[in-house]
Amino acid sequence: MEIFDSHTHLNDTAFSGREEAELAKMQEFSVAQVNVVGCNRAMNESAVALATRTDSVFATIGWHPDDAGEFDADSERYLIETLKNPKVVAIGEIGLDYHWMVQPKWLQKMVFRRQIQLAKALDVPFQVHTRDAMEDTYALMKAEGVGARGAIIHNFSGNLKWAEKFVALGCLISFSGVVTFKKALDEQEAARILPLDKLLVETDAPYLTPVPFRGKENTPAYTRYVVEKLALLRGISAEEVAKVTTDTARKIFNI
Ligand SMILES: [Zn+2]
Numbered sequence: 042m043e044i045f046d047s048h049t050h051l052n053d054t055a056f057s058g059r060e061e062a063e064l065a066k067m068q069e070f071s072v073a074q075v076n077v078v079g080c081n082r083a084m085n086e087s088a089v090a091l092a093t094r095t096d097s098v099f100a101t102i103g104w105h106p107d108d109a110g111e112f113d114a115d116s117e118r119y120l121i122e123t124l125k126n127p128k129v130v131a132i133g134e135i136g137l138d139y140h141w142m143v144q145p146k147w148l149q150k151m152v153f154r155r156q157i158q159l160a161k162a163l164d165v166p167f168q169v170h171t172r173d174a175m176e177d178t179y180a181l182m183k184a185e186g187v188g189a190r191g192a193i194i195h196n197f198s199g200n201l202k203w204a205e206k207f208v209a210l211g212c213l214i215s216f217s218g219v220v221t222f223k224k225a226l227d228e229q230e231a232a233r234i235l236p237l238d239k240l241l242v243e244t245d246a247p248y249l250t251p252v253p254f255r256g257k258e259n260t261p262a263y264t265r266y267v268v269e270k271l272a273l274l275r276g277i278s279a280e281e282v283a284k285v286t287t288d289t290a291r292k293i294f295n296i
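Residues 42 to 296, numbered by our numbering, are exactly what the sequence shown covers, in order.
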């Protein structure tokens with residue numbers, strides 16, 4: 042079985058100096074490849090460094106809504122230049138976060154929109170972070186258009202109706218450890234009913250640790266528990282969930 046963790050933060054300082062150990066643990070859990078995602082300049086650079094020196098690691102670079110204040114013309118030049126590296130596969134995580142509201146809405150929207158335009162111009166997919174901002178995220182993506190390479194709604198937290206609307210726009214839906222939580226009935230219904238080839242699996246480590254390790258630190262290896270939960274919900278084998286979600290990840294990231 043080969044699992045693909047489509048969104049993780051091995052570049053988080055929580056893992057500093059332990060990256061190799063986490064990569065080894067990942068292989069023990071049949072997690073073959075990971076996409077390490079940046080949120081700001083420092084995290085983008087560490088994601089790219091990790092991907093460049095490790096076969097099983099790919100990188101996604103972009104400016105998270107919390108870091109929208111840092112995004113400028115130099116950031117655009119950095120994205121254009123760095124996306125020439127074949128190990129750098131997407132723009133992300135970009136989007137809207139109205140939960141913490143670290144940056145004003147107008148600035149979040151402007152930086153999100155600009156990065157969608159760049160992803161389309163550079164012919165790469167983009168990964169979306171949306172928190173307490175589903176309606177605005179959907180409206181902005183619908184207005185801009187997702188583009189031929191598609192987009193991923195990372196750590197999908199919503200109901201089946203919203204998931205279907207994003208799929209209709211040309212998005213994949215990525216499930217994290219949240220889908221293993223007892224009260225995540227909406228996410229579980231979406232994971233059960235959406236077409237299997239529209240789904241991805243991720244950890245978002247070090248956050249959102251799945252059951253049975255909820256409350257402890259998350260790590261890419263635990264994508265395995267997300268795969269097993271989707272298999273249980275859909276009444277199919279973990280091998281089949283792994284195969285289809287890994288094929289889908291490799292296709293959208295073009296690797
Ligand atoms: Zn993330």
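All residues carry an ideal CB built from backbone N, CA and C; glycine is no exception.
Quickly, what does DSSP pair GLN74 with across the bridge? List them, please.
Within the DSSP secondary-structure output, GLN74 pairs in a beta bridge with PHE45.
Per DSSP, which residues does GLN168 bridge with? Please list them.
Note: GLN168 sits in a beta bridge opposite ILE193.
If you follow the beta strand (DSSP E) that SER116 is part of, which residue opens it and which one closes it?
Annotation: SER116 is outside any beta strand (DSSP E); the continuous alpha helix (DSSP H) that includes it extends over 114–123.
What number of angstroms, rounded off, separates the C-alpha of LYS180 from the C-alpha of LYS125?
The amino acid occupying residue 180 in the given sequence is Ala; Lys does not appear at that position. Within the model, the alpha-carbon separation for ALA180 versus LYS125 is close to 30 Å.
Return the chain-ordered list of same chain residues with a C-beta closer than 7 Å to the C-beta of ILE121, the five sequence neighbours on each side being excluded.
The residues LEU163, in chain order, have a CB closer than 7 Å to that of ILE121 in the same chain once the five nearest residues on each side in sequence are set aside.
Check whether the Cβ atoms of GLU134 and GLY110 sit closer than 8 Å, and answer yes or no.
Cβ distance not < 8 Å, so GLU134 and GLY110 don't count as in contact.
Between the segment 54–71 and the segment 258–272, do three or more beta carbon pairs fall short of 8 Å?
They touch, by the three-pair rule.
Starting from GLU134 and walking both ways along the beta strand (DSSP E), at which residues does that stretch end?
Where GLU134 is concerned, the enclosing beta strand (DSSP E) stretches over 129–138.
If you reduce the DSSP assignment to three classes, tell me which class ALA246 lands in.
Here ALA246 sits in coil by DSSP.
Whether or not the segment 148–166 and the segment 194–204 are in contact is what I'm after, with contact meaning three or more pairs of Cβ atoms, one per stretch, closer than 8 Å; do they touch?
With the cut-off at 8 Å, the segment 194–204 and the segment 148–166 do not touch.
Cβ-heavy atom distance between VAL78 and ligand 1 below 7 Å?
Yes, ligand 1 has a heavy atom inside 7 Å of this Cβ.
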